[in-house]
Amino acid sequence: MRLNKKVRLKIAWLVWFSLAVVQLSAQTLSLRVVEADSSRPLPFVNILFDSQNRGTTTNIDGYFTVNAAAVDSIGLSYVGYNPMRLAVSQLSDGAQVRMEQKNNWLDEIQVVPGDNPADAVMQRVVQNREIHRPRNLDSYQYQAYNKLTFMLSDETRECFFETAAGASDSSKQRLRELIDQQYLFLMESVSRKVYQKPQKEKEVVIASRVSGLEDPSFFLLATQLQSFTFYQDYIRLFEKEFLSPISQNSWNKYLFQLEETLNTPDGDSLFVISFQPRKNRNFDGVKGVLTVSSDGYAIESLRAEAAENTSRNVALSIEQVYDQLPTGEWFPKALNSEILFSGVNLPGSGLPAQAVKMKALGKSYLMNREVNVPIANQQLKGPSLSVDPSATRQPDDQWNKYRSVPLSQQDSSIYWFTDSLGQRINLDAKMKAVESMASWRFPIGKVDVLMDRLAGMNKFEGLQLGMALETNPRLSRTLRLGSYWRYGFSDDQAKYGGSVHYRVDSVSNTHVFATYENDVREDGVFDFLEQPKPFISQQLDDWFRRHFSYHETYQLGVEGRLFPSLLMQGFLKHYRLKDPTFVRLPLLPQAQDYMLIGGQLRMTFKERLFRKRGEIYSLGGCYPVLNLHYERSLKRWSDRPLRILEMKLSDSYRLRNLGEFEAIILASLRNSGGVANLLASPPASSSRLLSFYNDESFATMQANEFVADRFIALFWRHNFGSLLFKYRKLRPDISLAFNAGIGSTEYDGQVGFDERFLSPRKGYFEAGLLLSKLIRLGLFNFGGGAFYRLGAYQFDSFGDNLALKFTIDLAI
């Protein structure tokens with residue numbers, strides 16, 4: 014069959030086009046740049062074509078492409094690494110280019126006379142930072158794919174090989190292959206985030222997978238390692254804040270060096286600038302490299318790490334890449350994190366703890382990015398962070414659509430291995446048990462033992478031993494039952510109680526409750542809707558307290574979140590004070606009954622909330638926290654009047670280059686009806702020798718030393734961190750503190766009152782110095798300090814005015 018001329022021309026054109034595409038694809042090489050020693054991908058490496066000032070850079074995973082037909086050679090430069098030049102003809106598609114690291118590369122920076130061109134560039138970057146800061150956009154939304162991988166460090170792998178010195182060559186080879194090809198832990202998550210100015214945001218985890226586990230909350234590990242952007246005064250690296258090189262007047266703190274200037278195909282310039290803290294500048298800073306585009310003087314890429322390692326067990330380095338959206342705005346595109354954990358204990362490994370190092374690699378890829386688009390109010394309702402119920406049940410084909418980079422053989426291997434192991438040993442249940450233990454709960458089937466209520470100590474009850482039980486979600490996610498019993502060996506009395514909580518709405522976490530207590534309570538204590546203190550802190554704060562009263566309470570109430578930032582509780586309770594102390598003498602102690610109605614609220618503007626399995630957890634916020642408590646007696650069903658209105662306002666704020674200050678304002682207004690036990694007692698934490706530091710109490714005041722029915726206090730502390738003093742590995746946090754309070758009672762000056770009670774009507778003042786994180790023992794940092802009593806209530810003796818304190822912090 015003969016084809017007409019037009020058909021033959023079309024076929025010939027198609028054949029020619031197909032061959033051209035094949036030839037062109039063969040001429041395009043995809044290469045990856047890695048570190049020579051560790052094979053770690055190197056992002057943002059500058060690639061120059063044929064000794065010209067044009068080229069490209071590697072992406073955040075170290076990849077780049079080059080047209081072999083158009084380029085004869087490539088030059089590679091990367092701050093901190095030896096430069097290279099390679100002939101393209103010697104490279105094959107998929108090859109790795111290995112770059113060797115210099116030693117102490119930042120020490121090579123030299124200060125030369127005259128204007129520093131890098132400073133000029135950085136001044137333009139700082140001038141434009143508010144333009145490029147994501148939070149200043151009207152809105153944005155994106156989908157993020159997060160991946161976090163744990164593995165043994167190269168050094169530890171070699172140690173494992175050395176421990177197998179007595180094994181056969183074939184056994185050592187199998188061991189090497191297993192360790193080289195096997196990760197320890199892998200997790201992936203996909204989330205969708207929306208943001209609307211001013212600072213309304215919500216993120217929903219739509220997919221989560223953790224090797225060997227089903228708990229989706231692990232995704233927080235991958236997303237909380239570093240700040241989302243560098244365009245702010247302080248940046249976060251693994252829960253520690255550092256002064257950003259993009260902060261105001263940063264050139265006075267940081268030494269910038271212009272390493273290279275490159276030209277882009279669009280005609281813009283890229284400025285490669287290294288940075289490190291200037292000498293004799295005492296602040297927490299970072300070191301690394303920035304790539305700045307002349308288009309808007311925006312950050313295109315960066316890598317950074319702490320200039321000085323402030324933790325002997327954790328070291329973190331990060332990488333970020335930004336690009337320009339089609340609408341013209343610069344926005345983050347990908348974030349990498351690498352954490353090195355030292356001193357990890359691996360039982361059965363045959364290696365000492367200090368020889369085991371573990372590495373974690375975190376990657377976040379942002380997709381479907383849109384800015385300044387309409388955001389519906391419905392998208393912002395509920396907790397700022399939540400997990401979709403189907404997140405852990407996504408099929409493999411859906412995961413393949415979500416992933417920015419396909420799973421490697423090592424990734425698939427660890428999933429297969431740990432998923433099989435997890436099912437065999439029920440690893441998810443064991444992790445839930447560990448999570449419960451961290452909350453001082455020991456799960457036994459469908460019941461938790463509340464370990465923080467098994468034992469206690471104070472001067473009134475002495476040693477206390479008992480048992481406390483509460484049902485867990487394995488019994489019911491809506492109904493929770495609890496009970497406790499304990500015995501005090503000094504007062505020779507048993508205390509007991511029980512509770513029932515029933516959740517009526519999961520969205521607002523609203524539940525109704527009923528409680529019963531036959532117990533003791535410290536006189537004059539303040540009561541707010543706050544999370545309980547950590548068990549160890551509470552026990553250290555309680556052991557010297559001696560003024561308690563017996564009571565019996567029946568209570569009905571409801572608690573929930575009317576708004577995400579507003580937690581509220583309302584209650585009706587019958588309260589019997591069994592052993593009252595009356596202000597007026599000679600009234601004999603006689604039990605007093607009260608029917609009380611009241612409520613509490615806790616408001617944290619823009620509080621970050623995390624919803625998991627129907628429960629809501631607070632991740633804190635960056636605005637003041639307001640607590641209110643109000644209750645009053647119902648006259649018809651009460652022996653005496655009682656009215657309580659109390660407020661607590663707390664806030665903290667970081668001052669650039671000066672540290673962080675914290676302030677707490679506490680106020681109380683009470684009508685005790687002539688019962689001294691119900692008067693407010695300013696919070697105090699002094700003992701005769703050494704006591705635990707409590708930032709919400711008077712350090713030099715004895716417990717129940719003062720009473721008041723009108724009272725206000727300020728607790729102020731400024732933490733300079735290590736800004737004031739550093740010496741080798743010794744870098745304590747140095748804090749100055751000042752506390753003041755004033756109050757009175759309506760009984761001041763009455764006969765019989767002033768002889769037994771004292772109100773702080775002349776004003777109470779104290780000041781102190783704290784040095785925390787002086788000594789590290791295991792998981793804790795210990796420190797100390799001293800406070801001195803000032804003003805009208807000062808004692809004659811220096812020693813009586815002095816209070817010594819000790820501090821305990823987690824060593825992270």
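Just so you know, we're using our numbering here: the sequence shown kicks off at 14 and counts up by one.
Backbone N, C-alpha and C define an ideal beta-carbon position, used for all residues, glycine too.
Excluding five sequence neighbours on each side, which residues of the same chain lie with their C-beta closer than 6 Å to the C-beta of residue i?
i	result
L783	S748, G798
T594	A689, N690
S377	A157, N159, L348
Q828	Residue coverage of the chain in this structure runs from 14 to 825, which leaves residue 828 outside it and unanswerable.
S38	Unreliable positioning characterises S38 in this predicted model, as indicated by a pLDDT of 42, which lies under 50. A coordinate reading is not provided.
I352	L329, A373
V203	Y158, I219, A220, Y415
E530	G510, T566
Locate the beta strand (DSSP E) running through residue i, then write down its first and last residues.
i	result
N814	No beta strand (DSSP E) contains N814, which is instead part of the alpha helix (DSSP H) from 811–814.
N349	343–355
Q506	506–518
P456	454–457
Q114	Per DSSP, Q114 belongs to no beta strand (DSSP E) and is neither H nor E.
I610	605–617
Under the three-state reduction of DSSP, which class applies to residue i: helix, strand or coil?
i	result
Q337	strand
D401	coil
R291	coil
L692	coil
G804	helix
K648	helix
A311	strand
A157	strand
L393	helix
E168	helix
S257	coil
R744	coil
W556	coil
S503	coil
E718	coil
Q422	helix
V538	coil
A133	helix
Q568	strand
R53	coil
N265	helix
D848	In the structure displayed, the chain extends from 14 to 825; residue 848 sits before or after that span and is not available.
I388	coil
With a threshold of 9 Å between beta-carbons, can residue i be considered close to chain B, or not?
i	result
Y806	Among the protein chains of the structure shown there is no chain B, as only one such chain exists.
Count the other CB atoms, across all protein chains shown, that sit within 10 Å of the CB of residue i; report buried if there are 16 or more and exposed otherwise.
i	result
Y740	exposed
T70	buried
S43	exposed
N385	exposed
N95	exposed
V638	buried
V35	Note that V35 scores a pLDDT of 39, beneath 50, so its modelled location is shaky; the value from the coordinates is reported in the next line. Label assigned to V35: exposed.
V400	buried
V138	buried
R490	exposed
G107	exposed
M616	buried
R493	buried
P211	exposed
P278	exposed
F255	buried
Looking at the strands, I want to know which residues DSSP matches up with residue i.
i	result
F674	Y666, H731
N522	None, per the DSSP bridge assignment.
I755	I725
L580	R574, R615
If you drop the 5 nearest sequence neighbours on each side, which residues of the same chain put their C-beta closer than 8 Å to that of residue i?
i	result
Q544	S631
V84	F62, D63, V101
Q411	A220
Within the continuous alpha helix (DSSP H) that includes residue i, where are the two ends?
i	result
W412	409–415
I87	Unbroken run through I87 is the beta strand (DSSP E), 86–90; no alpha helix (DSSP H).
I73	Careful: I73 lies outside any alpha helix (DSSP H) and carries neither H nor E.
Compute every distance between the C-beta of residue i and the non-hydrogen atoms of the ligand ZN, then say whether any falls below 8 Å.
i	result
L622	Absence of the ligand ZN from the depicted structure is noted, as is the absence of any ligand whatsoever, leaving it without description.
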